[in-house]
Amino acid sequence: MTDQYLIDLGLVSASGQASSLLSRFVPNLEAVGSTPSKFVFDVWGAINTPKPLSNGLRGSVLELLVGLSLIRAGITPFFRQAEITYVNNAKFDFLLWEEGWNPISLSVKTSLRERYKQAELEAGALQNVHRRSENYLITLEANEVATRRRKLRLASQFSNLDRLVLADTVEFDELIDQLASRLFAKPTDVNPMANDLIVAG
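Each residue of the sequence shown is one higher than the one before, counting from 632 in this note's numbering.
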């Protein structure tokens, strides 16, 4: 099975259409380019030639490209399709815990038209519970990103997102470099008690 390495890395639970397709273009982790944006640009272009991917595959393939970029840069551990206690109705594409305490969400969307509001709501829900959390939206839609940025500049829109990032530009490299400079860990269980003056009876 050519996509076994994606299963071994934990990026997918089992072989599927997206992982099988991607593994033809990226047969192993060593094939992941050291420049994240160039890696995404090259593979995305190749995998969509001569015929673009179906809508059903686009999102899954882009998520795998972002996940491989994180692993290649040593940015681990992270959670995929993550759900967090007390953050209701939100499932994060990727979630990292800085030093096991502060969550950083990466929302990966091939199209912003319908998914932008979802990313905004999820970011807001996370910030309501974890005040210092960070939220990044990674996409390939340059025109839609330009529109959102223009509205934010004109102050006609507020955003819960820390940054919109184009995955096939230097912006993605900068985000990967920024994350690679931090330490991540699995979150630890936290005892809600501030002291241990327990009466056991």
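No residue lacks a Cβ here, since even glycine has one placed at the ideal position from N, Cα and C.
Because the structure is a prediction, the values reported are computed rather than measured.
Unbroken alpha helix (DSSP H) stretches of 4 residues or longer found wholly inside the region 730-807: 747-760 and 773-784, given in chain order. Asp724 carries a strand assignment under DSSP once its states are collapsed to helix, strand and coil. Phe709 carries a coil assignment under DSSP once its states are collapsed to helix, strand and coil. Counting only runs that start and end inside the region 652-687, the alpha helix (DSSP H) elements of at least 4 residues fall at 667-678. Beta-carbon to beta-carbon, Phe670 and Ser651 are separated by about 19 Å, too far to satisfy the 8 Å threshold. Closest option to Asn686, judged by alpha-carbon separation, among Gln809, Lys817, Asp808 and Ser742: Ser742. Buried is the label assigned to Lys740, since at least 16 other Cβ atoms lie within 10 Å of its Cβ. Looking only at Gly731, Leu783 and Leu752, the smallest Cα-Cα distance to Phe723 is reached by Leu752.
Bounds of the alpha helix (DSSP H) holding Asp639 are Gln635 to Leu640. A contact is defined here as three or more CB-CB pairs under 8 Å, and the region 726-740 meets this definition with respect to the region 758-769.
Apart from sequence neighbours up to five positions away, the residues of its chain that approach Tyr747 with a beta-carbon distance below 8 Å are Lys740, Leu768, Glu775 and Arg779, ordered along the chain. Less than 8 Å separates the beta-carbon of Thr633 from that of Ser654. Per the coordinates, the alpha-carbon of Gln749 lies some 34 Å from the alpha-carbon of Glu661.
With a beta-carbon spacing of about 4 Å, Arg703 and Val663 fall inside the 8 Å limit used to define contacts.
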